[in-house]
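First to last, the protein sequences are chains A and B.
Under this note's numbering, think of the first position of the first sequence as 832, with each following residue one higher.
Under this note's numbering, think of the first position of the second sequence as 2, with each following residue one higher.
Cβ atoms here follow ideal geometry from the backbone N, Cα and C, with glycine treated the same way.
Predicted model only: the values in this text are computed from it and were never measured.
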Amino acid sequence: AQSVTQLDSHVSVSEGTPVLLRCNYSSSYSPSLFWYVQHPNKGLQLLLKYTSAATLVKGINGFEAEFKKSETSFHLTKPSAHMSDAAEYFCVVIQSGGSYIPTFGRGTSLIVHP
Amino acid sequence: SAVISQKPSRDICQRGTSLTIQCQVDSQVTMMFWYRQQPGQSLTLIATANQGSEATYESGFVIDKFPISRPNLTFSTLTVSNMSPEDSSIYLCSVVHSLNTEAFFGQGTRLTVV
């Protein structure tokens, strides 16, 4: 079985400060992990993905995430938040060798203050 | 990669009626899924669309309410039957390539039931 836990339902930062969105996963097989962003009334946009290559993954818009197997974590970071980063972020796990069903975390709402 | 065309993008429907949502993929894929995103919530898996056989439904979802067809490897439909206002949600189609375990999502169908 697989599951995803996004530890924070809301994260509030000031513009220009670092962003940390936390994600822990559980998977019986080697997982593929993703971060998606959803702006209000928009579709899902892929930020970055980990599929068993480099553990530090760089994505679009300055985001990156590090896969830590020992901690079963895949936290999303950005050095400096921008107002346009305000959105809902979803951590997703796919268990390769299993059902291949994308399992979503509950989402983290990122709020960016001027 | 895979490009997904989902139709309609939005609709407003009367209660008691049914709506069929179409999902067309530009390549043959093995795994295809349907999700629901209720307002302010994460994505919940409705079912796995199986080519040439009955869909596999998740707990809380039944075939009579959400009949799914998948006649081939590139096309699927989801019908929301006998709609009520509680069915107002975004419905999304997703495909996963087993070779690289990457997930792709349609832009979603925003359904409002009045």
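Among the options, nearest to residue i - alpha-carbon criterion
| i | options | result |
| --- | --- | --- |
| Ala30(B) | Arg111(B), Leu112(B), Ala104(B), Thr113(B) | Contrary to the premise, residue 30(B) reads as Val rather than Ala in this sequence. The shortest Cα separation from Val30(B) among Arg111(B), Leu112(B), Ala104(B), Thr113(B) belongs to Ala104(B). |
| Glu55(B) | Met33(B), Ile22(B), Val4(B), Gln7(B) | Met33(B) |
| Leu20(B) | Leu79(B), Ser28(B), Gln42(B), Pro40(B) | Leu79(B) |
| Ser28(B) | Trp35(B), Ser6(B), Gln39(B) | Ser6(B) |
| Ala918(A) | Lys900(A), Ser911(A), Ala912(A), Gln869(A) | Gln869(A) |
| Lys909(A) | Ser861(A), Thr903(A), Thr848(A), Pro862(A) | Thr848(A) |
| Thr45(B) | Ser99(B), Leu100(B), Thr102(B), Leu93(B) | Leu93(B) |
| Gln25(B) | Asp88(B), Thr57(B), Leu100(B), Val4(B) | Val4(B) |
| Ser857(A) | Gln876(A), Leu907(A), Thr903(A) | Thr903(A) |
Bridge partners - residue i, DSSP secondary structure assignment
| i | result |
| --- | --- |
| Lys8(B) | Gln23(B) |
| Lys873(A) | Partner(s): none; Lys873(A) has no beta bridge. |
| Pro68(B) | According to DSSP, Pro68(B) bridges with nothing at all. |
| Phe76(B) | Gln25(B), Asn73(B) |
| Met32(B) | Val97(B) |
Close Cβ partners of residue i (< 8 Å) along its chain, the five nearest in sequence each way excluded
| i | result |
| --- | --- |
| Arg16(B) | Met84, Ser85, Pro86, Val114, Val115 |
| Val842(A) | Val850, Leu851, Leu852, Thr939, Ser940, Leu941, Ile942 |
| Val778(A) | The question about residue 778(A) has no answer, for chain A in this structure spans 832 to 945. |
| Arg11(B) | Thr110, Arg111, Leu112, Thr113 |
| Met914(A) | Glu846, Val943, Pro945 |
| Ser99(B) | Thr31, Met32 |
Integer-rounded CB distance, given that residue j should sit under 8 Å from residue i
| i | j | result |
| --- | --- | --- |
| Tyr867(A) | Phe921(A) | 5 Å |
| Ile69(B) | Ser82(B) | Going by Cβ atoms, the distance from Ile69(B) to Ser82(B) rounds to 11 Å, so no, they are not a contact pair. |
| Leu73(B) | Gln52(B) | Reading off the sequence, residue 73(B) comes out as Asn, not Leu. Right, their Cβ atoms sit about 6 Å apart. |
| Leu927(A) | Ser861(A) | Looking at the sequence provided, one finds Ser at residue 927(A) rather than Leu. Between Ser861(A) and Ser927(A) the Cβ distance is about 5 Å, and since that is below 8 Å, they are a contact. |
Close Cβ partners of residue i (< 7 Å) along its chain, the five nearest in sequence each way excluded
| i | result |
| --- | --- |
| Phe62(B) | Ile47, Ala48 |
| Tyr931(A) | Ile925 |
| Leu887(A) | Glu895, Glu897 |
| Thr18(B) | Met84 |
Proximal residues of chain A, C-beta to C-beta of residue i below 9 Å
| i | result |
| --- | --- |
| Val30(B) | By Cβ distance, chain A contributes nothing, its closest Cβ being about 10 Å from Val30(B), past 9 Å. |
| Ser43(B) | Gln837, Glu919, Phe921, Phe935, Gly936, Arg937, Gly938 |
| Thr113(B) | Ordered by position in chain A, no residue passes the 9 Å Cβ test against Thr113(B), which lies about 13 Å from the chain. |
Residues that residue i contacts on chain A, provided the C-beta gap is smaller than 7 Å
| i | result |
| --- | --- |
| Gly53(B) | Simply none; closest approach about 18 Å. |
| Thr75(B) | Per Cβ cutoff of 7 Å: no residues; Thr75(B) is ~17 Å from chain A at best. |
| Gly109(B) | Gly874 |
| Leu46(B) | Ile932 |
Proximal residues to residue i (C-beta, below 6 Å), its chain only, five neighbours per side dropped
| i | result |
| --- | --- |
| Ile91(B) | Gln38, Gly109, Arg111 |
| Gly890(A) | Leu878, Leu879 |
| Leu951(A) | Chain A is shown only over 832 to 945; residue 951(A) falls outside these bounds and no answer can be derived. |
Contact set between residue i and chain A, taken where Cβ atoms lie within less than 8 Å
| i | result |
| --- | --- |
| Phe34(B) | Ile932, Pro933 |
| Thr49(B) | Ser930, Ile932 |
Residues that residue i contacts on chain B, provided the C-beta gap is smaller than 7 Å
| i | result |
| --- | --- |
| Ile925(A) | Val97, Thr102, Ala104 |
| Phe905(A) | Ordered by position in chain B, no residue passes the 7 Å Cβ test against Phe905(A), which lies about 14 Å from the chain. |
| Phe865(A) | Ala104 |
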